[in-house]
Amino acid sequence: MSVLVKRSAEHLDLDEDETIDATPVDANGNAQRARTGSRHHPSEYKPGAVMKVRLHNFMTYSDVEMEPGPRLNVILGPNGTGKSSFVCALAMGLAAPTKILGRADKVAEYVKRGEEKGWCEITLRGERPDKPLVVRREMSRSAGSGRYLINGYPVGVERVKAEIKKLGCQLDNLCQFLPQDRVVAFAQLKPTELLLETEKAIGDGHLFNEHEWLINEKKAIADLEREVAAKEARIEKLNKEVENMERDVARFNERNELLEKVEEYKLKRLWIDFEDKRKVWKDAQAELLKINEQIKQLHADASEHKVPMDKAAVAKEEAKKAHMVASRALVAALKEKKKRLQGVYNSETEHSVLNDKINSKEKEEREKGKRTRDRERAIADIEDQLAGLVEPPDISAERTKALREKKAHNDVVVSLETKHDILKDKSHRHGFQLKDLEAKLAGFQSERQQRLVALQRAGHNQIIEADRALQNMQNQFHKPVIGPILTLIKCDNINHRKYLEAQIGKRFLAAYITQDDRDRSKLQEWTKRWQTTAVNMPSARYEEPIIDQRLKSLGITHRLDQCFEADAVVKAALCDMNQLNITFVIDPKASQDVVDRAVTEVQDGKIFYTPSTRYTKIQSRYGRRETTTSSSPTRDSTLFSSGSSTEDEQNLKRDIQIVQEQKAACDRELNQLKAELADGRKKLEAFTSRINNMGSEMAKYLAEKNRFNTQLKAQQNALERLRQQDVGKEIETLKRDMAKILEKRSKETCAYADAVTACCEARAAETTALLHAKQCDALYKYLKELYDSETQQARDLVDTQNAQKEKTLALKRVCALAKREAEEKAPLDEERKKRFFEMPQEIEPYPNPEPRPEEGQEDEIMCPNDMVLQDFRDRQEERNRLRDDLTTKGGNLSERLEVIETKKQAWLAALRPLVDKINDNFKNNFASIGCAGEVKLHDAGDRFEEWELQIWVKFRAVTDMHILDAHRQSGGERSVSTMLYLISLQELTSAPFRVVDEINQGMDPINERKIFKRMTKAASSSEATQTFLLTPKLLNNLQYTEDCTVLCIFNGPWIAKMAKRWREMQRALQPGGPVTP
1 MSVLVKRSAE
11 HLDLDEDETI
21 DATPVDANGN
31 AQRARTGSRH
41 HPSEYKPGAV
51 MKVRLHNFMT
61 YSDVEMEPGP
71 RLNVILGPNG
81 TGKSSFVCAL
91 AMGLAAPTKI
101 LGRADKVAEY
111 VKRGEEKGWC
121 EITLRGERPD
131 KPLVVRREMS
141 RSAGSGRYLI
151 NGYPVGVERV
161 KAEIKKLGCQ
171 LDNLCQFLPQ
181 DRVVAFAQLK
191 PTELLLETEK
201 AIGDGHLFNE
211 HEWLINEKKA
221 IADLEREVAA
231 KEARIEKLNK
241 EVENMERDVA
251 RFNERNELLE
261 KVEEYKLKRL
271 WIDFEDKRKV
281 WKDAQAELLK
291 INEQIKQLHA
301 DASEHKVPMD
311 KAAVAKEEAK
321 KAHMVASRAL
331 VAALKEKKKR
341 LQGVYNSETE
351 HSVLNDKINS
361 KEKEEREKGK
371 RTRDRERAIA
381 DIEDQLAGLV
391 EPPDISAERT
401 KALREKKAHN
411 DVVVSLETKH
421 DILKDKSHRH
431 GFQLKDLEAK
441 LAGFQSERQQ
451 RLVALQRAGH
461 NQIIEADRAL
471 QNMQNQFHKP
481 VIGPILTLIK
491 CDNINHRKYL
501 EAQIGKRFLA
511 AYITQDDRDR
521 SKLQEWTKRW
531 QTTAVNMPSA
541 RYEEPIIDQR
551 LKSLGITHRL
561 DQCFEADAVV
571 KAALCDMNQL
581 NITFVIDPKA
591 SQDVVDRAVT
601 EVQDGKIFYT
611 PSTRYTKIQS
621 RYGRRETTTS
631 SSPTRDSTLF
641 SSGSSTEDEQ
651 NLKRDIQIVQ
661 EQKAACDREL
671 NQLKAELADG
681 RKKLEAFTSR
691 INNMGSEMAK
701 YLAEKNRFNT
711 QLKAQQNALE
721 RLRQQDVGKE
731 IETLKRDMAK
741 ILEKRSKETC
751 AYADAVTACC
761 EARAAETTAL
771 LHAKQCDALY
781 KYLKELYDSE
791 TQQARDLVDT
801 QNAQKEKTLA
811 LKRVCALAKR
821 EAEEKAPLDE
831 ERKKRFFEMP
841 QEIEPYPNPE
851 PRPEEGQEDE
861 IMCPNDMVLQ
871 DFRDRQEERN
881 RLRDDLTTKG
891 GNLSERLEVI
901 ETKKQAWLAA
911 LRPLVDKIND
921 NFKNNFASIG
931 CAGEVKLHDA
941 GDRFEEWELQ
951 IWVKFRAVTD
961 MHILDAHRQS
971 GGERSVSTML
981 YLISLQELTS
991 APFRVVDEIN
1001 QGMDPINERK
1011 IFKRMTKAAS
1021 SSEATQTFLL
1031 TPKLLNNLQY
1041 TEDCTVLCIF
1051 NGPWIAKMAK
1061 RWREMQRALQ
1071 PGGPVTP
């Protein structure tokens, strides 16, 4: 997570003791323009300048919004906080190719890790202040692509590029857009390339277009000049060849006259061949007519059989339908038969049931007297038992007194139980507190607990509570969740400990490792609550690396993942997160030369450690991908060596002793109370037993009395129902129902007999219909076989007919081709007909030919080249064509040379003053830092691609001024020259904004301060271009004005707290208005 905070320079504290004056002044002591509020009006921005940048799930940012100022914008933040992400957002949002960034090539890799979608939105000042241009680029990780929106409407990338070009933005120009890794590439620009890049950045690009036109036109003229020279040489050669061939041409003309007579015989042969082919074609036509007659006769025979076949088909369908009707009638008759049979069965069942009821009622009538006498005897016995019960004496007063005494004693017991529960709960709390303190004491004495305490002191305030909560959750996971990583590493070497702490970092040393993808989602809520980190490693693929003899010869003793003991999953996680497998440990006894050689020659290593220094190799993503090395001191380990303090352990032991004394006192009082409570419960049980005995006799008497009364009432009710029951009447009713059922049964039997008769009739009708349908089907099949046979013969003849047609057409085409060839080669006019008549009427191709006189004569005329006549004519035509073409292009060459000269003078007239202006600015800028510099235009004449813009510098008094060169100047000198050249273009460039990423890398503090001073001064100009300067620090004691806007970037796990404190500082420093992070 990253947070960007915008502050104007006058409100930013750069040092604890020194602050910036709230009212800046210029070099003459005059107050510079001031601005109120934290926002700029759109009219302050130039068209195309960046007014706002919004990012969502882009690289290191979740959500951020930044509003740069119209002139100098200094973007501050430690290395790795995401400053270059702002440069990437400008390039990606404004449709620039990813190759200019030198980072990821795929759009999906610019989406924040762990998120599916993201976007970046750039707001540019339009032609009118009230109509800005808002360009948004939405990106999707899964799709690997995105889309563009302008002012909320989807558009294509070409439309975005057109709008950006209209505003003068040139993101591929190093003079406008200079990312962090392309400073070296700028210094390595050839003078010819520097001239082209400068022409692009100045004005509207007209100079670059003219220069490019001159280069291309000159190349085109060079081709034309070479072409004219080649054609002149070719014409001279052709003249000589034509003179040599004229004698051979005369001899061939004589030979051709003899050949013409031979050709006459060949031409008449063409007409004879045509007549032969015409005869074959006529024969094929006669055969085709014969086949047509046969097909016609077969169709007539088939038509005679089709009518009776159609009638048979109709009769077949009608018989089929009649059979279906008879089948449905049979099915209905069978259903009716089944229904009637079921009715017979039902009436029989009803008769049996009713007969059983009549028999039962008659038996009941016979036993009614005996049942009445049994009920009367049972009633008399119950009345005798009820009269013999004796009621016990009344003891209610004595029982009431005993209940009052029991209640009083019960209140005493309840009070004792309440006091017992309170003391028991208090004792349990003391016990839990004692166990917790003893566990803490045991933890202080264990190495794991010591490292947890070390992490807590290092800033992870809740790590101990978080670890305890995680251990309680272990049964919920599919695989064990282990950590923190610091507690899983065993390393005894002091140097190796500080290497590991420097490489892994405190944040990842406090991280936990999950070993199942399903556990990662369960752990998300826990990580958010305790503000810690979890790394998922579902499969541990780790192999111990090997230090070969070559590495040992370079002083390499270990790779960093070999310097400690841990499980494979831990080593795999650290190699994946912190690249321990490509981090090397150099022998502490190695000399500095050996260390430098190891850092240079080990290609797969990125970081190298010695006891005092850490070396980091950085490869540029641009240009020639050069590698640079940076070094930093190695600090001692604070986490591996940390432990608990003696004072904390003594305090914990004292607390344990106090809790133990409190628990012992509580237990003694609880034992005394238990004895009193047991005595009280015994007395309460005696009272309860006494009261129960008092009421048992009366309760027994009442229960017996109620039981006898209930039995007496039940017997009396049963006797009454028995006396009121008239069984004879019920039997008469059942017999009447029996007569009705017998009548119904007779009707059901008659109906079943009728259904059986109908079923037999339906079966006979269905069989008759089936036989008729079979007969009609057999007749139809016989007629159809006749029809199909005749039809098939006709189809077979149709195939023969088609083949004959194709043969006839082919012969016709052959005949037509022969006739066309004869007409084309030997058209029959009157003169040719006369010659053909004089020739033999039959001319064979050459059966046993005798040599004709004409052929013998023409064979006697020999020539070394049979194609001499054609070659002679081709060379004459080529010579004439080249002469005409040379006349045309010679004039065109002169015209184009005049146009080039005119364009060149116009181009130089505009270019030289601009170069002089850049040279003056460059001289003044270099003079301000105590050095010398010039910008010169090298004249290459008509070789326009070799014109150069040379930067001459002199950083030391003992050296001569020379051209800026990447091999001669140091990195700091190249950075100074590059920055001063860009400042020199400030008032000439038409670019709406410029970006320079960490140009101060490699500068010494003095030059760095001078460059910053020139930048702030250039930003104070009313015509200054909006500039973005990315740097990890802002120098103090410099004169910053309202034209300088500072954008600060912070990130880390505690950013929320830090951002809150930062806003409080802002409100205290700028009470006039709120500040938006």
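For reference, each letter of the sequence shown is one residue, going 1 to 1077 in full-length UniProt numbering. Ideal placement from N, C-alpha and C gives every residue a C-beta, glycine not left out.
Identify the residues that DSSP records as bridge partners of residue i: which are they?
i, result
"Leu1029", "Val74, Val996"
"Tyr148", "Arg137, Val155"
"Leu949", "Leu937"
According to DSSP, is residue i part of a helix, a strand, or is it coil?
i, result
"Lys131", "coil"
"Ser631", "strand"
"Lys479", "coil"
"Lys683", "helix"
"Asn493", "coil"
"Lys106", "coil"
"Leu797", "helix"
"Ile900", "helix"
"Gln792", "helix"
"Gln619", "strand"
"Lys954", "strand"
"Asn303", "Note that residue 303 corresponds to Ser in the displayed sequence, not to Asn. Of the three classes helix, strand and coil, the one that applies to Ser303 here is helix, per DSSP."
"Thr733", "helix"
"Leu101", "coil"
"Cys120", "strand"
"Lys606", "coil"
"Asn79", "coil"
Buried or exposed: where does residue i fall if 16 or more other Cβ atoms within 10 Å of its Cβ makes it buried?
i, result
"Pro588", "exposed"
"Cys563", "buried"
"His460", "buried"
"Leu189", "buried"
"Lys1060", "exposed"
"residue 1079", "The chain is shown from 1 up to 1077; residue 1079 falls before or after that span and cannot be answered."
"Ile1011", "buried"
"Asp492", "exposed"
"Ile485", "buried"
"Ala91", "buried"
"Asp596", "exposed"
Residues in the same chain with beta-carbon distance under 6 Å from residue i, minus the five sequence neighbours each way, listed in chain order, please.
i, result
"Arg896", "Ile221"
"Leu386", "Phe708"
"Pro847", "Interpretation of Pro847 is limited by its pLDDT of 36, a score under 50 that renders its predicted location unreliable; the figure taken from the coordinates is listed afterwards. The answer is none, since no qualifying residue turns up."
If I measure Cβ to Cβ from residue i and keep anything under 7 Å in the same chain, skipping five residues before and after, which residues do I get?
i, result
"Lys683", "His409"
"Asn1007", "Ile929, Gly972, Val976"
"Glu362", "Ile731"
Excluding the 5 residues preceding and the 5 following residue i in the sequence, name in chain order all residues of the same chain whose CB lies nearer than 8 Å to its CB.
i, result
"Glu676", "Leu416"
"Ala284", "Gln804, Lys807, Thr808, Leu811"
"Leu639", "Arg451, Ala454, Leu455, Ala458, Leu486, Glu501, Lys506, Leu509"
"Arg448", "Thr487"
"Gln716", "Ile379"
When the Cβ atoms of the segment 763–781 are set against those of the segment 375–383, are three or more pairs found closer than 8 Å? At 8 Å Cβ cutoff, the stretches do not touch.
Taking contact to mean 3 or more Cβ pairs, one atom from each stretch, closer than 8 Å, check whether the segment 213–228 and the segment 894–910 are in contact. Contact check between the segment 213–228 and the segment 894–910: three or more CB pairs, one atom from each, fall below 8 Å, which counts as touching.
Do the segment 515–526 and the segment 484–504 make contact, defined as three or more Cβ pairs closer than 8 Å? Contact fails: fewer than three Cβ-Cβ distances are below 8 Å.
Report yes or no: do the segment 797–810 and the segment 321–329 share at least 3 C-beta pairs separated by less than 8 Å? Contact between the segment 797–810 and the segment 321–329 is absent: fewer than 3 CB-CB pairs across the two stretches fall below 8 Å.
Any contact between the segment 130–144 and the segment 81–98? By contact I mean 3 or more CB pairs, one from each, below 8 Å. Segments in contact, yes.
Three-pair Cβ contact test at 8 Å for the segment 309–324 versus the segment 742–760: No, the segment 309–324 does not touch the segment 742–760.
Report yes or no: do three or more beta-carbon pairs, one from the segment 541–555 and one from the segment 569–585, lie closer than 8 Å? These segments touch.
So does the segment 769–787 actually touch the segment 313–324, counting three or more Cβ pairs closer than 8 Å? Using a Cβ-Cβ distance cut-off of 8 Å, the segment 769–787 and the segment 313–324 are in contact, since at least three pairs of beta carbons, one from each stretch, lie closer than that value.
Taking 8 Å as the threshold, find out whether the segment 163–172 comes into contact with the segment 66–82 through three or more Cβ pairs. Too few Cβ pairs lie closer than 8 Å, so no.
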